[in-house]
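Residues in the sequence shown are numbered from 1 upward in steps of one, following UniProt numbering. Beta carbons: idealized from backbone N, C-alpha and C, even for Gly. This structure is a prediction, so every number in the text was calculated from the model and none was measured. A short write-up of the structure that comes next.
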Amino acid sequence: MTAAHLTARRAGPLKGVVRAPGDKSISHRALILGALATGVTEIEGLLEGDDVRRTAAAMAAFGADVARLGDGRWRVEGRGGLSEPADVVDCGNAGTGVRLIMGAAAGFDLSVTFTGDQSLRGRPMNRVLKPLGQMGATWLCRSGGRLPLTLKGGGLKHIAYTLPEPSAQVKSAVLLAGLHADGGAEVIEPEATRDHTERMLRGFGAEVEVREAGAGRHIVLRGGQKLTGTRIHVPGDPSSAAFPLVAALVTPGSEVTVQGMLLNPLRIGLLDTLGEMGADLSVTNVRDEGGETVADVTARHSELVGVDVPPERAPSMIDEYPILAVAAAFAEGKTTMRGIGEMRVKESDRIALMAAGLAACGIGVEEEPEALTVIGAKRGNHLVQGGAGVTTHGDHRIAMSHLILGLAAEEPVRVDEPGMIATSFPGFVDLMRGLGAEIGEAVEA
């Protein structure tokens, strides 16, 4: 028997101290680079959600020795390269995983077939395939660059590639391919994206040059470099921490602290935006863990106001716009989010689904091709109504965002396909209940 729906309803204030699950972006990269390296990589705090487990299984299929030691501790023994898998590599729902693995695999003389779940098979891969093809990789796939896809790697040449849109996934795929390309690779970013791959490559012993020049940021990686196994501590994921933090901001009387949250400057756009909205946030115990800045972040219930979110902020918070839209629903005035077209090609069309879900809960929304405006409900005695059943299309962030809305709305909010939450935040329900949230299951055979 599985939970068919989850329902969130108003309860008392949220109180407590929690730790966010390990950062998903860093977890994927730790496993992939560990497999590419020679020797043992020991990982602490790995996110053990479904997406990351798929990447772990994929690295084992490519020849690495991957072992779960328990409590977020993993051991990866790499052979200095990847070997051809004996079977199809199923990446489940892991869009980051499959795109980065494609880049890593392209550097080797092998053929590999990738597939995924229904959602992942509907997501375009052309943005990664284009630069890999220019480097010399070939493939056979469904129209639109969709999975299932068979990739043939090896014999890659140097590329200097300007990202047509901000994408850390594309940048990382090119850099991972460049490790085994003749002449390496250079990526030019007109807008900076999360830099975990560059940081982690250095941790594994590679030389990565990053410089500001001309129209943007240039990342240069020399080819033929060898990686050596290392120790990695995965910090708390800011995209996951956003849910309990925003829940505290919109639920009267609440105060919640998330410990060990990643504060990489290219990942804190949500904190900047919430601060502009008037959120009562405090950052304490700032420290360095494994080359990344982490801290403890406390959120207290706040009277929020609507803001215009600048489009250039999108790369630093692209996964946080759904939960930002929930915060905006409880604010006074309009919040407009522009330059967010990337949201339409995530696990779902997140602009359309957030607009539909908020509207069903009585919130005014205005949807554009690359923008979303939320008309805050805090006008006089008008409150967020809630009371809707929300269709998530299996998108974990759509589900969690609407459950947070339900915790402070007048009427309960129900979401379908809650099992997908485990792709990024397997302990979400238990963590929120521990803070005092009332989230219940409806079960069917």
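Is D51 buried or exposed, if buried means 16 or more other CB atoms sit within 10 Å of its CB?
Start at 1 with the first residue of the sequence shown, and residue 51 comes out as number 51. Classification for D51: buried.
Just to confirm, are M261 and A20 a CB contact at a threshold of 7 Å?
One-based indexing of the sequence shown puts residue 261 at position 261. One-based indexing of the sequence shown puts residue 20 at position 20. Cβ atoms of M261 and A20: closer than 7 Å.
Please list the segments of the beta strand (DSSP E) lying wholly inside the region 299 to 340, counting only runs of 3 or more residues, in order along the chain.
Correct list: 334 to 338.
Of all Cβ atoms in chain D, is any one closer than 7 Å to the Cβ of F204?
In summary, chain D is missing from the structure at hand, where a single protein chain is found.
Same chain only: Cβ atoms within 6 Å of V98, ignoring 5 sequence neighbours per side
For the purposes of this step, residue 98 is taken as the residue at position 98 of the sequence shown. Only C91 and F114 meet the Cβ criterion.
Applying the 10 Å Cβ sphere with the 16-neighbour rule, what's the burial state of S172?
For the purposes of this step, residue 172 is identified with residue 172 of the sequence shown, where counting begins at 1. Of the residues assessed, S172 falls on the buried side of the cut-off, its CB having 16 or more other CB atoms within 10 angstroms.
Identify whether V234 lies in helix, strand or coil by the three-state DSSP scheme.
Taking the sequence shown and counting its residues from 1, one reaches residue 234 at position 234. In the structure shown, the three-state DSSP call for V234 is coil.
Tell whether a beta-carbon distance below 7 Å holds between K157 and G133.
Translated into the one-based positions of the sequence shown, residue 157 becomes position 157. Translated into the one-based positions of the sequence shown, residue 133 becomes position 133. No, these two residues do not count as a Cβ contact at 7 Å.
Relative to the alpha-carbon of residue 449, which residue among I318, E276, G116 and G236 has its alpha-carbon at the smallest distance?
Here the chain has residues from 1 to 445 only, and residue 449 is not among them.
Grab me the residues of A67's own chain with a C-beta within less than 6 Å of its C-beta, minus the 5 sequence neighbours each way, in chain order.
Along the sequence shown, read from residue 1 onward, the residue named residue 67 stands at position 67. Contacts found: R75.
Using the three-state DSSP reduction, which class does P148 fall into: helix, strand or coil?
By 1-based counting over the sequence shown, the position of residue 148 is 148. Correct three-state label for P148: strand.
Closest Cα partner of M432 within the set L407, M420, V415 and D416
By one-based count along the sequence shown, residue 432 stands at place 432. With distances taken between Cα atoms, M432 lies closest to L407.
My assumption, with CB atoms under 8 Å, is that L266 sits in contact with L281. Please give the rounded CB distance.
Translated into positions along the sequence shown, residue 266 becomes position 266. Translated into positions along the sequence shown, residue 281 becomes position 281. 19 Å between Cβ atoms; not a contact.
On the criterion of 16 or more Cβ atoms from any shown chain inside 10 Å, does D308 qualify as buried, or is it exposed?
Working through the sequence shown from its first residue, we reach residue 308 at position 308. Exposed, since its Cβ has fewer than 16 Cβ neighbours within 10 Å.
Kindly identify the DSSP beta-bridge partner or partners of I439.
Locating residue 439 in the sequence shown gives position 439, where the first residue counts as 1. DSSP lists A8 as partners of I439.
Identify whether F62 lies in helix, strand or coil by the three-state DSSP scheme.
To locate residue 62, count along the sequence shown from 1; it is residue 62. If DSSP states are grouped into helix, strand and coil, F62 belongs with coil.
Sort G95, A422 and V18 by Cα distance to E347 and report the nearest one.
Taking the first residue of the sequence shown as position 1, residue 347 is located at position 347. Measuring C-alpha to C-alpha distances from E347 to each of G95, A422 and V18 identifies G95 as the nearest.
Less than 7 Å separating the beta-carbons of A325 and V374?
As a first step, residue 325 is located in the sequence shown; it is residue number 325 there, counting from the start. As a first step, residue 374 is located in the sequence shown; it is residue number 374 there, counting from the start. A contact, by the Cβ cut-off of 7 Å.
Close beta carbons around I318, own chain, < 6 Å, minus the five adjacent residues each side:
The count along the sequence shown starts at 1 and reaches residue 318 at position 318. E342, listed in sequence order.
Taking DSSP's pairing of strands, which residues face H396 in a bridge?
Taking the first residue of the sequence shown as position 1, residue 396 is located at position 396. DSSP lists no partner for H396.
Return the chain-ordered list of same chain residues with a C-beta closer than 6 Å to the C-beta of residue 448, the five sequence neighbours on each side being excluded.
Any answer about residue 448 is impossible in this case: the structure gives the chain only from 1 up to 445.
For the beta strand (DSSP E) that contains Q169, what are its first and last residues?
Locating residue 169 in the sequence shown gives position 169, counting from the first residue. Q169 -> not in any beta strand (DSSP E); alpha helix (DSSP H) instead, spanning A168 to G178.
Cα-Cα separation between L6 and G216, rounded to whole angstroms:
Residue 6 sits at position 6 when you count from the first residue of the sequence shown. Residue 216 sits at position 216 when you count from the first residue of the sequence shown. Cα to Cα, the separation comes out at about 44 Å.
To the nearest angstrom, report how far apart L140 and S119 are at their CA atoms.
Counted from its first residue, the sequence shown places residue 140 at position 140. Counted from its first residue, the sequence shown places residue 119 at position 119. The straight-line gap from Cα to Cα measures roughly 19 Å.
Closest Cα partner of T298 within the set K378, A279 and S316:
Position 298 of the sequence shown, counting from 1, holds the residue named residue 298. Of the listed residues, the one whose Cα sits closest to T298 is A279.
Can you tell me the Cα-Cα spacing of P369 and T138, whole angstroms?
Position 369 of the sequence shown, counted from the start, is the residue given in the question as residue 369. Position 138 of the sequence shown, counted from the start, is the residue given in the question as residue 138. In a straight line, the C-alpha of P369 is about 32 Å away from that of T138.
May I have the straight-line CA-CA distance separating L274 from L176, to the nearest angstrom?
The residue you call residue 274 lines up with position 274 of the sequence shown. The residue you call residue 176 lines up with position 176 of the sequence shown. Rounded to the nearest angstrom, the gap between the Cα atoms of L274 and L176 is 34 Å.
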